[in-house]
Each structure stands twice: as C-alpha cells, then as structure tokens.
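The next block holds one structure in the form of structure tokens; read it before the comments.
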Amino acid sequence: DQQVKQNSPSLSVQEGRISILNCDYTNSMFDYFLWYKKYPAEGPTFLISISSIKDKNEDGRFTVFLNKSAKHLSLHIVPSQPGDSAVYFCAASEETSGSRLTFGEGTQLTVNP
Amino acid sequence: EAQVTQNPRYLITVTGKKLTVTCSQNMNHEYMSWYRQDPGLGLRQIYYSMNVEVTDKGDVPEGYKVSRKEKRNFPLILESPSPNQTSLYFCASSLRQGLDSGANVLTFGAGSRLTVL
C-alpha cells in the first residue's frame, strides 16, 4: 500500500507563476515531512521540511503547507523559474523511525520560459 | 566535499551473475540506506542500517543483501540478479540525531542504473 501519494505525475507552469505540488499520506503516525528535488542523472537533494507541530514552513521561494486533519501537504514555489524543472518527491517519517523515509511517486515539474 | 559515492554508476549484467554496488560516505553518518526508483512507484527502501553491524529490511528487500562492517561503507549485494531488479538504485545517509536537528535529512548518492538481461 502506498502510504505517501503524489497523484499528479506531471505539472507544467509558466515562468514567474506559482507552482503547487501536492502530496497525501495515510499513516497518521507520520510526523515529519520533507520535499526532495531530483534532476536527471543526479540523486535527490533535500529542499524543505516541516514538522507536524507546524502548519507552514518557508524558505525563500519555497513554502510547504501541512494540513494534518486532511493528511495533506503541498509545496508552493513562487515565482517559478526554468531551473526549478525537476522531479519533486514528497517524503514522510515517524519520530520513532528516525531517518527511515517513505517517499511518494514523484511529480515532474516543467517550468516554461 | 561531503558526499555519498556509489559505484558503478551504470551496469549491464545477465541473470544470475552476482554483483555488488558499493556505497561510501565521508560525513561520519550513522544511518545509511538503499532505495530503488521505478517509474510510477517512486523511491522504495530496500535495506537500512542504523549503525555498524546493525542492518534491517526495508519495504522491498527480496533478492538483496547488505553489510555494514565499517561506518562509511554500505554495499548492496545482488547474489543472483533477475530482470525485475532492473532499476535505478540510490544510496543515502544521515546523521540520525533526532527530528529537531533536521537529522532525518538524507544525503543521496548520484545513483546506479542497473540493467539485468
């Protein structure tokens, strides 16, 4: 069973507009959430994270929102840039499992100039 | 430079021929893990290790073995590869000190693309 789901395999936006990537989870024990970005021929790199005690975390152009009641999180990129074109993975973990992350399927973001 | 190094980056092999994918990290991380990435399935954990001589199964361990004899190395062993193990493999590591320190953040290697014919 897929405990972390990213239902949109792909997303295309115009440069300068907002990109919104969504992620849903089913395991109520998850209490730490992360977003990773992956370029072709490279490993995933950490982008931003959020603890379950917060509902928002911001880092420059990137903001992650967490809705625990809906078991939903989203990543907002504003403004989007062509260099943001990559696959974005949502991941979750339980405090007791430490670094053991469960990943979603990934969403391919394409930002058009 | 702090990094996770995997080798080989690309490998084509045949069914049944044992192979090892090496992984080494230079960050003195306690936690190491192997993932495989397949289309539509995202990253799935194969095995992980909390520290030297401590390993455990992830979500898809069948057909794989690992060892953690030294803190920096965590090789992935395919004793008898089969075509369904054709995939992109990633090794990752982290400090694993607790949530607040952000130590759950995994640092990934560049990946090893394996094809089993």
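Heads up: the sequence lines are chains A and B, in that order.
Residue numbering for the first sequence follows our numbering, beginning at 1 and increasing consecutively.
Residue numbering for the second sequence follows our numbering, beginning at 1001 and increasing consecutively.
Each residue gets a CB set at the ideal place from its N, CA and C atoms; glycine is no exception.
Here the structure is a predicted model, which means the values were calculated and not measured.
Looking only at C-alpha atoms, which of the options sits nearest to residue i?
i: phenylalanine 65 (chain A); options: A:Asp1, A:Tyr32, A:Ser28 and A:Val111; result: A:Tyr32
i: lysine 1069 (chain B); options: B:Ala1092, B:Glu1053 and B:Asn1028; result: B:Glu1053
i: threonine 1032 (chain B); options: B:Lys1017, B:Cys1023 and B:Asp1038; result: It is methionine, not threonine, that sits at residue 1032 (chain B) in the sequence shown. Of the candidates B:Lys1017, B:Cys1023 and B:Asp1038, the one whose C-alpha sits nearest the C-alpha of methionine 1032 (chain B) is B:Cys1023.
i: glycine 1042 (chain B); options: B:Ile1012, B:Asn1007 and B:Leu1088; result: B:Leu1088
i: serine 1093 (chain B); options: B:Asp1038, B:Asn1007, B:Thr1020 and B:Tyr1048; result: B:Tyr1048
i: threonine 26 (chain A); options: A:Lys68, A:Lys54, A:Pro82 and A:Ser80; result: A:Lys68
i: aspartate 24 (chain A); options: A:Glu58, A:Lys5 and A:Tyr39; result: A:Lys5
i: methionine 1050 (chain B); options: B:Arg1113, B:Thr1013, B:Lys1017 and B:Val1066; result: B:Val1066
i: methionine 1027 (chain B); options: B:Arg1036, B:Gly1063, B:Val1105 and B:Arg1113; result: B:Val1105
Please classify residue i: is it buried, with 16 or more other beta-carbons within 10 angstroms of its beta-carbon, or exposed?
i: proline 9 (chain A); result: exposed
i: alanine 86 (chain A); result: buried
i: threonine 102 (chain A); result: buried
i: arginine 1009 (chain B); result: exposed
i: proline 44 (chain A); result: buried
i: glutamate 105 (chain A); result: buried
i: alanine 91 (chain A); result: buried
i: tyrosine 1064 (chain B); result: buried
From the DSSP output, in three-state form, read off residue i for me.
i: threonine 1015 (chain B); result: coil
i: asparagine 1084 (chain B); result: helix
i: aspartate 1038 (chain B); result: strand
i: threonine 96 (chain A); result: helix
i: aspartate 1056 (chain B); result: strand
i: aspartate 59 (chain A); result: strand
i: aspartate 31 (chain A); result: coil
i: aspartate 24 (chain A); result: strand
Residue i and residue j look like a contact to me (Cβ under 8 Å); what is the Cβ gap, rounded to whole Å?
i: threonine 1005 (chain B); j: leucine 1117 (chain B); result: That belief does not hold up - the Cβ atoms of threonine 1005 (chain B) and leucine 1117 (chain B) are roughly 26 Å apart, past 8 Å.
i: arginine 1072 (chain B); j: glutamine 1025 (chain B); result: 6 Å
i: phenylalanine 62 (chain A); j: leucine 73 (chain A); result: No, phenylalanine 62 (chain A) and leucine 73 (chain A) are not in contact; Cβ-Cβ is about 13 Å, not under 8 Å.
May I ask you to list, following chain order, the residues of the segment 36–69 of chain A that have a beta carbon less than 9 Å from some beta carbon of chain B? So the close ones are Tyr36, Lys38, Ala41, Glu42, Gly43, Pro44, Thr45, Phe46, Ser49 and Ser51.
So if I threshold CB-CB distances at 7 Å, which residues from the segment 87–103 of chain A count as touching chain B? Phe89, Ser93, Glu95, Gly98, Ser99, Arg100, Leu101 and Phe103
In the segment 25–36 of chain A, which residues sit with their C-beta less than 9 Å from some C-beta in chain B, listed in chain order? Residues passing the 9 Å Cβ filter: Asp31, Tyr32, Leu34 and Tyr36.
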